[in-house]
Amino acid sequence: MLEFLLRFFGRDTASSKKVAKERLRLVLVHDRAGVSPHLLESLKNDLIKVISEYLDIDTDGLEVSLTHENDAVALVANIPVLRVKRTFKSIQEPAFKV
Amino acid sequence: MGEVIVITSGKGGVGKTTTTANLGTGLASLGKKVVLVDTDIGLRNLDVVMGLENRIVYDLIDVVEGRCRLKQALIKDKRLENLYLLPANQTRDKTAVSRQQMIDLTSQLREEFEFVLIDCPAGIEMGFKNAIAGAEKALVVTTPEVAAVRDADRIIGLLEAAEMEPPRLIINRLRPEMVRKGDMMDIEDMLEILAIDLIGVVPEDQYIVISTNRGEPAILDKHSRAGQAYRNISRRLLGEEIPFINWEAGSFMSRIKKLMGLG
Ligand SMILES: Nc1ncnc2c1ncn2[C@@H]1O[C@H](COP(=O)(O)OP(=O)(O)OP(=O)(O)O)[C@@H](O)[C@H]1O
Ligand SMILES: [Mg+2]
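For the protein sequence lines, the chains are A and B, in the order given.
Numbers in the working numbering are just positions in the first sequence, counted from 1, shifted up by 1.
Numbers in the working numbering are just positions in the second sequence, counted from 1, shifted up by 158.
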């Protein structure tokens, strides 16, 4: 009953169109990543390339995935570090800040 | 050499056949020589929407299997001189035709016609792959619903992967009063999500049901709002710049009421 009254007075805050759009946005992140399995694979390879400049990593144990938490999608990468390089090829100075 | 345009959607029942019939009729009334190809083998519908179901002798499968010449299978429209239908077969299934056969068929048709419109079946399997095989352009039909837009997104990805021209979007069954209340996704929402160009918006319209009952596309009815939308899309297909009708702004009366503070 209360719910009815609230809706009646237009306090049902999220209009159903907003809900629809938000649900679509989230579901399409997964659909699109799923449709092109290459996406995560090629992202993974690029990550390995970049990170290997700084750290020795276990490329076999590396996992990259998209997760769904609350109302957000996150890119989660689990990258086992074998050792930190003593020296690295610094291409540009700001590499320190990365 | 004519253009081959496939009308597709992913999800079933969103208006592909209705759109094919109306745009074909629209282009033909603008003087173009048009053929409609029903590739929904086993579930043919385009013939009844066009009111031509009693004239079918041969069908698409008869043509590809060589039981008749292409010309013999083409059914002339009742109303327009330069409009033809190549019906689907009703007893076989989607595997009865191959991609190569579709490519051959469409290249034969494009010699003869300025526009070849292909009514695609729902789904992403064989029937879809056959329907797009010989087409260089695609129109993706969706309705303002989560499932339909999601499937449209999938289809757009598959069309991209098939290296076709970027498809254009038709939003069908828009209900302006629901959009105004915030209970239906609006045009901008869908364009933002799907990130493709819009070619037209067709409102929900009871004339569609009436005209399907009669077997006369709604575009021939000058009172039909959906017909008006389809007339505009037909012209846009010819490259004309036709401003979009602002369905979301409400009817003339509701705008007056709003101005007077009554609505
Ligand atoms: N703008 C509209 N207003 C009202 N009714 C509509 C509209 N567009 C389509 N319809 C109705 O929706 C139903 C489905 O339309 P249609 O057969 O064109 O869809 P389809 O995408 O070809 O379906 P299928 O996937 O089964 O081939 C029909 O009953 C049609 O009359
Ligand atoms: Mg259909």
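The beta carbon of each residue, even a glycine, is placed where N, CA and C say it ideally should be.
Note that this is a predicted model, so its numbers are computed, not measured.
- With a cut-off of 8 Å on Cβ pairs, the region 218–225 of chain B is not in contact with the region 317–326 of chain B, counting fewer than three such pairs.
- Under DSSP, Pro361/B takes part in a beta bridge, and its partners are Leu332/B.
- In its chain, beyond the 5 residues on either side, Cys226, Ala231 have a beta carbon closer than 7 Å to the beta carbon of Asp220/B.
- Taken in chain order, the complete alpha helix (DSSP H) segments of 4 or more residues contained in the region 373–413 of chain B are 383–395.
- Of all alpha-carbon atoms in Asn371/B, Arg308/B, Val195/B, the one lying nearest the alpha-carbon of Leu275/B is that of Val195/B.
- Taking C-beta separations shorter than 7 Å and ignoring five residues to either side along the sequence, the partners of Met260/B in its chain run Asn288, Ala291, Gly292, following chain order.
- Counted as a single uninterrupted DSSP element, the beta strand (DSSP E) harbouring Arg84/A occupies residues 82–85.
- Each of Val20/A, Val85/A, Leu63/A was checked against the Cα of Leu44/A, and the nearest Cα belongs to Leu63/A.
- Here Ser66/A is exposed, its C-beta having fewer than 16 other C-beta atoms within 10 Å.
- For Asp196/B, the enclosing beta strand (DSSP E) stretches over residues 192–196.
- Counting along the chain, the unbroken alpha helix (DSSP H) around Phe286/B starts and ends at 284–291.
- In terms of Cα proximity to Ile368/B, the closest of Gly385/B, Ile214/B, Val304/B, Asn212/B is Gly385/B.
- Under the DSSP definition of a beta bridge, Glu270/B lacks any partner.
- Within 10 angstroms of the beta-carbon of Thr68/A lie fewer than 16 other beta-carbons, which makes it exposed.
- Going by DSSP, Ala75/A is part of the beta strand (DSSP E) stretching over 73–79.
- About 5 Å separates the Cβ atoms of Asp277/B and Thr175/B, confirming a contact at the 8 Å cut-off.
- The bridge partners DSSP lists for Leu297/B are Ile165/B, Arg326/B.
- When secondary structure is reduced to three states using DSSP, Glu54/A falls in the coil class, being assigned neither helix nor strand.
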